[in-house]
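Q:
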Amino acid sequence: MKLSSIINKDCSKAAVLFNSKKRALEYISELASQHLPDHNAHEILDAFLTREKLGSTGIGKGIAIPHGRLKGIDSIFAILVTNQNSINFDAIDNRPVDILLAMLVPEGDNASHLKTLAEIAGKLNNKEFCKQLRQAPNDDALYQVIQLQD
Amino acid sequence: MSEIEDTFLIQNKCGLHARAATILAQLAQQFNATITLYQGDKEAPGDSVLALLMLESSHGKQIRVRCQGPDAEPALHAIGELIAQKFHEDE
Chain A
208 MKLSSIINKD CSKAAVLFNS KKRALEYISE LASQHLPDHN AHEILDAFLT REKLGSTGIG
268 KGIAIPHGRL KGIDSIFAIL VTNQNSINFD AIDNRPVDIL LAMLVPEGDN ASHLKTLAEI
328 AGKLNNKEFC KQLRQAPNDD ALYQVIQLQD
Chain B
822 MSEIEDTFLI QNKCGLHARA ATILAQLAQQ FNATITLYQG DKEAPGDSVL ALLMLESSHG
882 KQIRVRCQGP DAEPALHAIG ELIAQKFHED E
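Residue numbers (this note's numbering), protein chains in the order written: chain A, 208 to 357; chain B, 822 to 912.
What follows is the structure in structure tokens.
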């Protein structure tokens, strides 16, 4: 799977300035709602927060993969945001987070969800890729890093 | 140094998804042991969520867990229990 097949160019945002996890998820939800006409930002934020309540999606090494299930979408929709300053995300290793790969996934379909997660994890496990994501100075450069990885 | 391993069946409906992998990694970090999970030709350190996700362990897959170090035995036991208890998920 190509990352560029689930992340639109408009949905990769570099060096954004957030000061909290909540604010980051609000920003991502607002951005997602602009691309998913049947869902408003509030509903999307709810999906993310419902999942975060079960345990942080801060999976370590400065990376978080906030995600939630949404009714009525037929394929995975992702947003990649890098943050200028790392923020507290209650991550597993207590490290603050500066790479957020947010995903909205259709309800059901566990096997396909697991496969997508495995592929995304494979990319984020590449230190050089993460370094390039962090160094991308603007949205275009960030999207280029994503495309080059594909 | 003790080394011990066993194979477990992934029984929860969603498999080793993000939350399950995080719980497993948090558990693995509590022990003074090097924990490695194997599935087919893939392997992952037990304390890395990303690596665990890359195993793509779905419901019904067999996963081999190897623990090395002073806490090898309790670590293997705890991980086996977690998998058997379906990562505490309601299904």
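Ideal Cβ placement from N, Cα and C applies to all residues, glycine included.
The model shown is predicted, which means the values in this text are computed figures rather than measured ones.
Roughly how many whole angstroms lie between the Cα atoms of cysteine 835(B) and serine 879(B)?
A: Roughly 7 Å between the two C-alpha positions.
Q: At the 8 Å Cβ level, is glutamine 889(B) part of the contact set with chain A, yes or no?
A: No, glutamine 889(B) does not count as interfacial toward chain A.
Q: Check each candidate in Ile266(A), Phe284(A), Gln342(A), Cys218(A) and name the one with the smallest Cα separation from histidine 320(A).
A: For histidine 320(A), the nearest C-alpha among the options comes from Phe284(A).
Q: I'd like to know if threonine 264(A) contacts chain B, where contact means its C-beta is closer than 8 Å to some C-beta of that chain.
A: Chain B contact via Cβ: present.
Q: Drop a sphere of 10 angstroms on the beta-carbon of aspartate 245(A), count the other beta-carbons inside from all chains shown, and report buried for 16 or more, exposed for fewer.
A: By the neighbour-count rule (16 or more Cβ atoms within 10 Å), aspartate 245(A) is not buried but exposed.
Q: Short of 9 Å Cβ to Cβ, which residues in the segment 317-331 of chain A face chain B?
A: Flagged, chain order: Asn317, Ala318, His320, Leu321, Lys322, Leu324, Ala325, Glu326, Ile327, Ala328, Gly329, Leu331.
Q: Around the C-beta of threonine 289(A), are 16 or more other C-beta atoms found within 10 angstroms, so that it is buried, or is it exposed?
A: Counting Cβ neighbours within 10 Å, threonine 289(A) comes out buried, since at least 16 surround it.
Q: Just verifying my parser: in three-state terms, what is the DSSP assignment at methionine 310(A)?
A: Strand, per DSSP.
Q: Under 8 Å: do the segment 236-250 of chain A and the segment 215-222 of chain A share three or more Cβ pairs, one atom per stretch?
A: Verdict: yes, contact present.
Q: Please identify, using Cβ separations under 7 Å, the residues of the segment 292-303 of chain A that lie next to chain B, in order along the chain.
A: Listed by position, the residues of the segment 292-303 of chain A near chain B (Cβ gap below 7 Å) are Ile299.
Q: Could you tell me which of Gly861(B), His898(B), Lys863(B), Gly867(B) sits nearest to isoleucine 844(B), measuring between CA atoms?
A: Measuring from the Cα of isoleucine 844(B), the nearest candidate turns out to be Gly867(B).
Q: From serine 293(A) to leucine 903(B), what distance separates their C-alpha atoms?
A: Going from the Cα of serine 293(A) to the Cα of leucine 903(B) covers about 32 Å.
Q: Relative to the C-alpha of serine 282(A), which candidate in Ile272(A), Asn317(A), Ala271(A), His249(A) has its C-alpha closest?
A: Comparing Cα positions, the closest option is Asn317(A).
Q: Write down every uninterrupted run of the beta strand (DSSP E) in the segment 225-276 of chain A whose length is 3 residues or greater and which is fully enclosed by it, in chain order.
A: Correct list: 265-267.
Q: Flag leucine 232(A) as yes if its beta-carbon sits less than 8 Å from any beta-carbon of chain B, otherwise no.
A: By this cut-off, leucine 232(A) is not an interface position.
Q: Please list the residues of the segment 236-267 of chain A that have a C-beta atom closer than 7 Å to any C-beta atom in chain B, keeping them in chain order.
A: Against chain B - using a Cβ distance shorter than 7 Å - the residues of the segment 236-267 of chain A are Leu261, Gly262, Thr264, Ile266, Gly267.
Q: Listing by chain order, which chain B residues have their CB less than 8 Å from the CB of isoleucine 306(A)?
A: Going along chain B, no residue has its Cβ under 8 Å from isoleucine 306(A), so there is no contact; the nearest lies around 12 Å.
Q: Out of Phe852(B), Glu824(B), Gln883(B), point me to the one whose CA is closest to glutamate 864(B)'s CA.
A: Taking only the C-alpha atoms, the option nearest glutamate 864(B) is Gln883(B).
Q: Name the chain A residues that come within less than 7 Å of threonine 815(B), Cβ to Cβ?
A: Any question about residue 815(B) goes unanswered here, given that chain B covers just 822 to 912.
Q: Does DSSP put serine 211(A) in a helix, in a strand, or in coil?
A: In the structure shown, serine 211(A) sits in a helix (DSSP, three-state: H, G or I).
Q: Would you report the Cα separation of asparagine 853(B) and cysteine 888(B), rounded to the nearest angstrom?
A: Using only the alpha carbons, I get a separation of about 10 Å.
Q: Between alanine 328(A) and leucine 871(B), which are expected to be in contact by the criterion C-beta below 8 Å, what is the C-beta distance as a whole number of angstroms?
A: Indeed, because the Cβ distance is near 5 Å, the residues count as touching under 8 Å.
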